[in-house]
Structure formats: C-alpha cells, structure tokens
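Worksheet: one structure, shown below.
In the numbering used here, the protein residues as written are -18 to 450.
Written out as structure tokens, the structure is:
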C-alpha cells in the first residue's frame, strides 16, 4: 500500500501520540502509587522519604538518556523511538510484578528513562519530519494526548488497583512500538550523515514535491554540504560551546523547560492531593477530580489556540495566568486563618486550568525547534539533563520545602520564578510559528529572520548578545 506524504507524516506523529498516552500514565503513576500505598491496606508500606523517591526518581533515572541524542545522531530517529518504547514497556512490566518498594522504584527508574528518551526523540523527530504547517499542532497534540493519559491515570487511580492501571497504560506504547518499525528515517538525519540521495527520496515521500517543500529540501541539502570541515572531538566540542547559535538557544532552552517545573506545574500534577489537604485540612475529592479533568480539556483547547495564534503568545497568556493564580494561592494560604481557605483552592484550580493552556507543553516544543540540527547531539543531551535536573529537584524538594516554608512559601517561590520566565520569554525568545528549521537556525546565527515579514513581531527582536561575533 502506497501512503501519501501527509499520511506518512501522521504515521510518525500518531505513533508518538500513542506512546505519549502511556507516558502520561507514567507521569501520573507516582501520584496513584503514593495515594494507594499511603492510605490503603497494602503489603508495600511507604514513609515520607521513600514516598519522595517514588515521586522524584523519574528525573534521576532519566540521566542515562543523556546519551540518547548521540545514539540518535549515529543510529537515527527510528531506532531511538523504538528504544524509548522498550524502556517504557519494561517499566510497566516491572511495576506490575513488584512486591516491595525497591522493585517499584526500579520500575519507576525504567519509566523515567523511557519518558525522558521519548520526549527527546519525539520532539526532534516531529520537528524534522512534519511540515511546519502541522508541526506546532502535532507537538501540542502530543502534550494533549499525554495530558489525557495523566488525567485518565489520576481518575482511574480512585477506582482501580495500581497494577490494573499499569496494564491499561502499558497497552498504547506496545502499539506505538510496533508502528515504530514502519517509520521512515528523518531526512535531516540522512543529510547530516551525508546520505544525500536517501535524504532526497525520504524527504519527497514525507513532504511531497510542492514549491515550499522543494525550497526547504534545497536549503537542507545546501546547509549540510557547506559544512565539510573535519575536526577533532575536543575541537568540535569547544567550537560548539562558544558558538552563539548554540549557547543562546541553550540558554533559551533552560528557561523554557523549567517553566513546567519551578513555576509549579509538575509539583501540582504529582502532589495535588497533598496540596489540597495542606490548604483545607482535608481531602476534597471534587477539587481533585476537577483538576484531573481540566488538565486534558485545557490541552485540547491549547491545540486549537495555536492554530490561530502563535505558540509564543499562547505560552505567555498561559504563563501569566498560572503565575497570577499561584501568587493568589500563596496570599490566600498565608491568610487562611482570616480568610476562607477555599479561595486558595479556587486559585489552585485556576492554576491547573491555565497550566494546560500552554505553559506546561509549549516550552518543550519551542526548545526542540530552536536548537540547530548540527548541534542536536550535544543540544539533545543538554535537553535531557535539564529535564532530569528540573524534574527531580522540584519534586524532591517539595515535601521538605513544605516543612520549612509552609505551603504558602512554596507557592510564592513558584510565582517568583513564573514572573521571571514571563519577562525573559517575552523579551528574548523568538516566535517560531510557521518557520522552517533553517530559518530558525539563521535567526540564532545572524540575530534576525532572513526572510522578513512586516507582520512578524520577532523580526527586529534582538537576541541576547546579538551584536557579538
């Protein structure tokens, strides 16, 4: 059966979305485990220390995935996607068989490794294989499907045993694994490996032969043919680190990725039940159910919004909303003795609503777009390391910050970082909507987009140190 170019693009994107559904279950699974193991009669018992490891081990366990971008650069995107799916499947199998806390943590380690590998592979593959017209929607749909997995696992965790949830959430990634064997290879990777004939054939299969596709293919081939110098590994690393078109997008990546973590997004997803109890003194099932449902609904709305507004504008709108709500939660929690504690709960619910409208997902898609293809080995490793550090640090720190600062102090920290992120992203990060990878690379190399459009607000927007070199 011969597939059309658009069908091949959606074959790639669709399989990553299936894997994302399972990855969403992985993200919410620690919350399910903590709630069931802490409050239900089970043979596995946990305390504060062990519970914090279940919640935060994903980040630490993901550190070995720092080598995945180098594997991707040598073996290709398809191999990396299959490997990521295998790691996630292993995690579900191990947690299902677990009889003690140590085995559970080992299973969660495979989950952390797999999801960190998956997000890197998925975002780089979609940016390279999917047309700029559909790219942002596919990237955000990944987040929407993952959000559905998070919401589903959170809701099902109230009615089903955690092992049953493992079976349900492990099924989509198995299907994604099988589809992965039918993937085409990334044209950008083939060009990077200087396999230009294969690159051209694969690009035509994926993107067709219209005028825009031909223009992008020509730019892709010319870029890789120009860079023919061979240097030693150390010289190449040193040259990369001091190159403006590497360290500027690397700095932007650091800020964009951290939005989900230290602006409070991930702690709210994992520790929402604990936050509700700390604010009101008791568990409010209705509030928790609302937060689980709205997380998925908001992602769907965000996917629609980026069809009509730029990703940067949607992210800033979402981030302003989350920061305002987090500041409100801090204020109402601090004055909970004088004011009704329900106001803080309303702020937390509003925070979750704004979070899923873009600030929890667009940072990942923007980060995957802004790193030049030639630096995606080192850049991808940096991407993974940052995610792992931010994930573990925010989740591991939360229980102890609550002990020393109280819940209002934790909310205040998240609000302060959110304010910084708003200013930085608005002032320095370019808008990549409908831009090809070559155009984005030129922006970081020269300080502005080469093909000027009077309606694009980022044309004259300077980078940090734009006058250098």
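Idealized CB from N, CA, C, for every residue including glycine. Nothing here was measured: the structure is a model prediction, and the numbers come from that model.
Please classify residue i: does DSSP put it in a helix, a strand, or coil?
{"i": "residue 55", "result": "helix"}
{"i": "residue 140", "result": "coil"}
{"i": "residue 164", "result": "coil"}
{"i": "residue 306", "result": "helix"}
{"i": "residue 159", "result": "helix"}
{"i": "residue 43", "result": "coil"}
{"i": "residue 27", "result": "coil"}
{"i": "residue 112", "result": "coil"}
{"i": "residue 9", "result": "helix"}
{"i": "residue 220", "result": "helix"}
{"i": "residue 193", "result": "helix"}
{"i": "residue 265", "result": "coil"}
{"i": "residue 79", "result": "coil"}
{"i": "residue 174", "result": "coil"}
{"i": "residue -4", "result": "helix"}
Taking only the alpha-carbon atoms, compute the straight-line gap between residue i and residue j and give it to the nearest angstrom.
{"i": "residue 117", "j": "residue 392", "result": "31 Å"}
{"i": "residue 324", "j": "residue 149", "result": "36 Å"}
{"i": "residue 265", "j": "residue -6", "result": "37 Å"}
{"i": "residue 304", "j": "residue 390", "result": "14 Å"}
{"i": "residue 347", "j": "residue 24", "result": "44 Å"}
{"i": "residue 283", "j": "residue 121", "result": "7 Å"}
{"i": "residue 136", "j": "residue 72", "result": "21 Å"}
{"i": "residue 87", "j": "residue 263", "result": "32 Å"}
{"i": "residue 335", "j": "residue 300", "result": "7 Å"}
{"i": "residue 370", "j": "residue 315", "result": "29 Å"}
{"i": "residue 225", "j": "residue 231", "result": "10 Å"}
{"i": "residue 185", "j": "residue 130", "result": "34 Å"}
{"i": "residue 250", "j": "residue -10", "result": "31 Å"}
{"i": "residue 144", "j": "residue 26", "result": "16 Å"}
{"i": "residue 384", "j": "residue 270", "result": "26 Å"}
{"i": "residue 80", "j": "residue 146", "result": "16 Å"}
{"i": "residue 402", "j": "residue 141", "result": "39 Å"}
{"i": "residue -8", "j": "residue 43", "result": "27 Å"}
{"i": "residue 105", "j": "residue 254", "result": "34 Å"}
{"i": "residue 423", "j": "residue 16", "result": "49 Å"}
{"i": "residue 60", "j": "residue 14", "result": "31 Å"}
{"i": "residue 349", "j": "residue 76", "result": "31 Å"}
Cα-Cα, which of the options is closest to residue i?
{"i": "residue 193", "options": "416, 428, 427, 425", "result": "416"}
{"i": "residue 154", "options": "140, 127, 53", "result": "127"}
{"i": "residue 342", "options": "68, 123, 202", "result": "123"}
{"i": "residue 101", "options": "62, 145, 74", "result": "62"}
{"i": "residue 133", "options": "105, 241, 257, 276", "result": "276"}
{"i": "residue 328", "options": "312, 338, 337", "result": "312"}
{"i": "residue 322", "options": "258, 373, 42", "result": "258"}
{"i": "residue 298", "options": "272, 317, 332, 273", "result": "332"}
{"i": "residue 268", "options": "84, 200, 256", "result": "256"}
{"i": "residue 273", "options": "139, 80, 384", "result": "139"}
{"i": "residue 296", "options": "410, 308, 366", "result": "410"}
{"i": "residue 46", "options": "382, 367, 375, 37", "result": "367"}
{"i": "residue 90", "options": "65, 354, 388, 125", "result": "65"}
{"i": "residue 394", "options": "338, 427, 243, 288", "result": "243"}
{"i": "residue -13", "options": "191, 5, 180", "result": "191"}
{"i": "residue 2", "options": "18, 330, 96, 180", "result": "96"}
{"i": "residue 380", "options": "260, 252, 200", "result": "252"}
{"i": "residue 182", "options": "168, 174, 175, 246", "result": "168"}
{"i": "residue 236", "options": "351, 180, 286, 119", "result": "351"}
{"i": "residue 55", "options": "406, 355, 420", "result": "355"}
{"i": "residue 220", "options": "359, 373, 98", "result": "359"}
{"i": "residue 378", "options": "68, 36, 281, 164", "result": "36"}
Give the range of the alpha helix (DSSP H) segment to which residue i is assigned.
{"i": "residue 247", "result": "246 to 261"}
{"i": "residue 186", "result": "177 to 188"}
{"i": "residue -17", "result": "First-last for residue -17: undefined, no H or E at that position."}
{"i": "residue 227", "result": "225 to 243"}
Does the beta carbon of residue i fall short of 8 Å from some heavy atom of the ligand ZN?
{"i": "residue 87", "result": "With respect to the ligand ZN, the structure shown offers nothing to examine, as it has no ligands at all."}
- Could you pull out every unbroken alpha helix (DSSP H) segment of at least 4 residues lying fully inside the stretch 271 to 352, listed in chain order? Unbroken alpha helix (DSSP H) stretches of 4 residues or longer found wholly inside the stretch 271 to 352: 292 to 315, 323 to 335, 343 to 351, given in chain order.
- Query: Which whole runs of the alpha helix (DSSP H) in the stretch 386 to 430 are 4 residues long or more, in chain order?
  - Reply: Whole alpha helix (DSSP H) segments, 4+ residues: 418 to 427.
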